[in-house]
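Below: one structure, written as structure tokens.
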Amino acid sequence: MSSYSSDRDRGRDRGFGAPRFGGSRTGPLSGKKFGNPGEKLVKKKWNLDELPKFEKNFYQEHPDLARRTAQEVDTYRRSKEITVRGHNCPKPVLNFYEANFPANVMDVIARQNFTEPTAIQAQGWPVALSGLDMVGVAQTGSGKTLSYLLPAIVHINHQPFLERGDGPICLVLAPTRELAQQVQQVAAEYCRACRLKSTCIYGGAPKGPQIRDLERGVEICIATPGRLIDFLECGKTNLRRTTYLVLDEADRMLDMGFEPQIRKIVDQIRPDRQTLMWSATWPKEVRQLAEDFLKDYIHINIGALELSANHNILQIVDVCHDVEKDEKLIRLMEEIMSEKENKTIVFVETKRRCDELTRKMRRDGWPAMGIHGDKSQQERDWVLNEFKHGKAPILIATDVASRGLVFFT
6 MSSYSSDRDR GRDRGFGAPR FGGSRTGPLS GKKFGNPGEK LVKKKWNLDE LPKFEKNFYQ
66 EHPDLARRTA QEVDTYRRSK EITVRGHNCP KPVLNFYEAN FPANVMDVIA RQNFTEPTAI
126 QAQGWPVALS GLDMVGVAQT GSGKTLSYLL PAIVHINHQP FLERGDGPIC LVLAPTRELA
186 QQVQQVAAEY CRACRLKSTC IYGGAPKGPQ IRDLERGVEI CIATPGRLID FLECGKTNLR
246 RTTYLVLDEA DRMLDMGFEP QIRKIVDQIR PDRQTLMWSA TWPKEVRQLA EDFLKDYIHI
306 NIGALELSAN HNILQIVDVC HDVEKDEKLI RLMEEIMSEK ENKTIVFVET KRRCDELTRK
366 MRRDGWPAMG IHGDKSQQER DWVLNEFKHG KAPILIATDV ASRGLVFFT
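Going left to right, the sequence shown walks through residues 6 to 414 as the working numbering numbers them.
The structure is reproduced here in structure tokens:
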């Protein structure tokens, strides 16, 4: 049984027509720097009566799920530390087949050898597929990326095809290029299987290839706020077709000062969109953002309700003098490298210290590589790939590498 199968092969190669909702995307990229990012963007005045209608509720409860009692649902939620708030929250799915994803999505899930949905996926999928706004508070590495990407694919499959001049249907905002790239890696395999296109736009990389992707048309755009505003101001893309909005790591975007940019971007999106916000913490600033951007939302919390990113980490503090640090580090690395799971990230305060420690450890035979803000994007990507695949299990980094390094989502 598959409730969402939609043959997007039909018409994929047909010619593009004029922009569906009017307007154009012409205009050269300007090298001029403006005082405030997004100051050229005019806040849209939306008339919902004039906007094309769109669907966002595609959820059909699986018969196995329908037979599950309220007590069974409550027992499952307690066992997974799932807390929900809001009206008419759907039951969580306990197995992948209960989500009724299309066959091509299920094929990719099978290839990736996932055994069961994570807690945030189990509860998040029914909510997202129902077209509801939602907030998901979950630890980094909890599987949240698929929690919003797979419903996004279902959402896209039920929308009209893109035409020339159309922007993305799904927009994912992420705080850093590293996180944006990781989301794109996850999205790419599912998009290939579903004959959809996705792209990743972020600063620190050439604009040309990113612009070409947008001009060819992509259903999913994963973006950092700064680069997206740049392209919106220059007319290289638009958000007229965006009906599915994701704010990933909203707390970190606010910590990094992106709130004005986020508000400028959201002003360009129709107000009856579906919005999903994800955060590792739930401070008052994130709560206010949710109140401003979401309507009648379901709040899902995974794990302890305290405002902490991850309680499942043992922290050991060794207080010592500066002159003792290197010797203690080497003794610790000898212990770690003797274990099967030995990937290690060593954080340092400065770029200079990062380079010095990397050189010293490599000179002493340790498989270490360094990463910091002065490295080129190409070099950073290569170093992270070497670390990810275990070719260099020791990563020495400044805080640039702490931004959303999630290698398995």
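Just so you know, even glycine gets a beta-carbon here, dropped at the ideal spot from N, CA and C.
Owing to the predicted nature of the structure, the values given are computational and were not obtained by experimental measurement.
Cβ neighbours of residue i in the same chain (closer than 6 angstroms, five flanking residues each side left out)
i: Leu299; result: Asp138 and Thr280
i: Phe26; result: Low confidence applies to Phe26: its pLDDT is 38, below 50, so where it sits in the model is not reliable enough to give any reading.
i: Ser284; result: Val142, Ala255, Asp256 and Val291
i: Ile216; result: Lys241
i: Tyr207; result: Arg182, Ala185, Thr229 and Arg232
Proximal residues to residue i (C-beta, below 7 angstroms), its chain only, five neighbours per side dropped
i: Gly36; result: Legend: pLDDT at Gly36 = 42, less than 50; position of this residue unreliable, value from coordinates given subsequently. Closer than 7 angstroms at the Cβ level, and outside the excluded window around Gly36, lies no residue.
i: Arg30; result: Here Arg30 scores only 40 on pLDDT, less than 50, and its place in the model is too uncertain to base an answer on.
i: Leu56; result: Arg275
i: Asp69; result: Glu103
i: Asn52; result: none
i: Val223; result: Pro173, Lys202, Ser203 and Thr204
i: Phe263; result: Pro180 and Pro230
Euclidean distance between Cα positions of residue i and residue j
i: Asp404; j: Ile274; result: 33 angstroms
i: Thr145; j: Gly170; result: 36 angstroms
i: Arg200; j: Pro156; result: 15 angstroms
i: Val159; j: Ile321; result: 44 angstroms
i: Ala185; j: Asp277; result: 25 angstroms
i: Gly378; j: Thr229; result: 17 angstroms
i: Leu312; j: Leu259; result: Residue placement at Leu312 is poorly supported in this model, since its pLDDT is 45, which falls under 50; the coordinates still yield a value, given next. Rounded to the nearest angstrom, the two C-alpha atoms are 15 angstroms apart.
i: Leu34; j: Glu238; result: Reliability of the predicted coordinates at Leu34 is poor, the pLDDT of 44 falling under 50, and the value obtained from them is presented with this limitation in mind. Their backbone Cα atoms lie some 9 angstroms apart in a straight line.
i: His92; j: Leu178; result: 26 angstroms
i: Cys205; j: Ala295; result: 24 angstroms
i: Trp358; j: Arg367; result: It should be noted that the sequence gives Arg, not Trp, for residue 358. Going by the C-alpha atoms only, they are around 14 angstroms apart.
i: Pro180; j: Val188; result: 12 angstroms
i: Asn118; j: Lys48; result: 45 angstroms
i: Gly343; j: Ala115; result: Sequence inspection shows Ser at residue 343; the Gly mentioned does not correspond to that position. Taking the straight line joining both Cα atoms gives about 33 angstroms.
i: Thr80; j: Ala71; result: 16 angstroms
i: Gly370; j: Glu332; result: 15 angstroms
i: Glu329; j: Asn347; result: 23 angstroms
i: Tyr302; j: Thr74; result: 24 angstroms
i: Lys38; j: Ile341; result: Low confidence applies to Lys38: its pLDDT is 46, below 50, so where it sits in the model is not reliable, and the reading given next is rough at best. Whole-angstrom Cα-Cα distance: 48 angstroms.
i: Phe21; j: Lys50; result: Confidence is the limiting factor: at Phe21 the pLDDT is only 40, short of 50, which leaves the residue's position unreliable, though a coordinate-based value still follows. Phe21 and Lys50: Cα-Cα distance of roughly 27 angstroms.
i: Met282; j: Gln128; result: 14 angstroms
i: Gln293; j: Ile305; result: 16 angstroms
Boundaries (first-last residue) of the alpha helix (DSSP H) holding residue i
i: Arg83; result: Ala75 to Ser84
i: Thr363; result: Lys356 to Arg368
i: Ala306; result: In the sequence as displayed, the identity of residue 306 is Asn instead of Ala. Premise fails: Asn306 lies in the beta strand (DSSP E), Ile303 to Ile307, not in any alpha helix (DSSP H).
i: Ala115; result: Ala108 to Arg116
i: Ile174; result: Note, Ile174: premise wrong, no alpha helix (DSSP H); not H, not E.
i: Thr150; result: Lys149 to Asn162
i: Ala402; result: Looking at the DSSP string, Ala402 is not in any alpha helix (DSSP H); the run it does join, the beta strand (DSSP E), is Ile399 to Ala402.
i: Phe101; result: Run containing Phe101: none; DSSP gives neither H nor E here.
i: Gln126; result: Ala124 to Leu134
i: Trp387; result: Gln382 to Lys393
i: Ile274; result: Here Ile274 belongs to no alpha helix (DSSP H), and DSSP marks it neither H nor E.
i: Val328; result: Asp327 to Met342
Selection from the options that minimises the alpha carbon distance to residue i
i: Leu46; options: Gly231, Arg385 and Asp218; result: Gly231
i: Lys269; options: Ser147, Asp54 and Phe236; result: Phe236
i: Ile307; options: Arg221, Arg90, Pro42 and Ala75; result: Arg90
i: Ile227; options: Trp51, Thr80, Lys356 and Tyr153; result: Tyr153
i: Pro288; options: Thr88, Val223, Val140 and Leu70; result: Val140
i: Gln65; options: Gly136, Ala210, Asp79 and Arg82; result: Gly136
i: Ile401; options: Gly395, Val353, Gly370 and Asp369; result: Val353
i: Lys149; options: Cys196, Leu252 and Arg221; result: Leu252
i: Thr248; options: Val78, Lys61 and Met261; result: Lys61
i: Ile87; options: Ile376, Ala124 and Ala71; result: Ala124
i: Lys345; options: Pro95, Lys365, Arg116 and Gly395; result: Gly395
i: Phe166; options: Lys202, Leu362, Glu183 and Arg182; result: Lys202
i: Asn100; options: Arg83, Thr120 and Arg82; result: Thr120
i: Gln365; options: Ile399, Ile305, Asn347 and Glu194; result: For the record, residue 365 in the displayed sequence is Lys; it is not Gln. Answer by Cα proximity: Ile399.
i: Ala192; options: Asp272, Ile225, Arg221 and Tyr207; result: Ile225
i: Lys58; options: Gln164, Arg82, Lys96 and Thr355; result: Gln164
i: Leu219; options: Glu168, Glu194, Gly262 and Phe263; result: Glu168
i: Tyr195; options: Phe63, Pro214 and Leu151; result: Leu151
Proximal residues to residue i (C-beta, below 8 angstroms), its chain only, five neighbours per side dropped
i: Ala198; result: Asn109, Val110, Asp112 and Val113
i: Ala397; result: Pro372, Ala373, Met374, Val388 and Glu391
i: Ala104; result: His67, Val98, Pro122, Trp130, Pro131, Leu134 and Leu155
i: Gly43; result: Ile234, Leu237, Glu238, Pro265, Gln266, Lys269 and Ile270
i: Ala210; result: Arg182 and Gln382
i: Asp272; result: Leu46, Lys48 and Lys49
i: Asn41; result: Pro265
Opening and closing residue of the beta strand (DSSP E) in which residue i lies
i: Gln189; result: Segment Arg182 to Cys199 is the alpha helix (DSSP H) holding Gln189; no beta strand (DSSP E) there.
i: Gly375; result: Ala373 to Ile376
i: Thr204; result: Ser203 to Ile206
i: Gly222; result: Counting along the chain, Gly222 falls outside any beta strand (DSSP E), and DSSP gives it neither H nor E.
i: Gly146; result: No beta strand (DSSP E) contains Gly146, which DSSP labels as neither H nor E.
Pair every Cβ in the region 380-394 with every Cβ in the region 320-338, then say whether three or more of these pairs are closer than 8 angstroms. no
Are the region 161-175 and the region 336-348 touching, with three or more C-beta to C-beta distances below 8 angstroms? no
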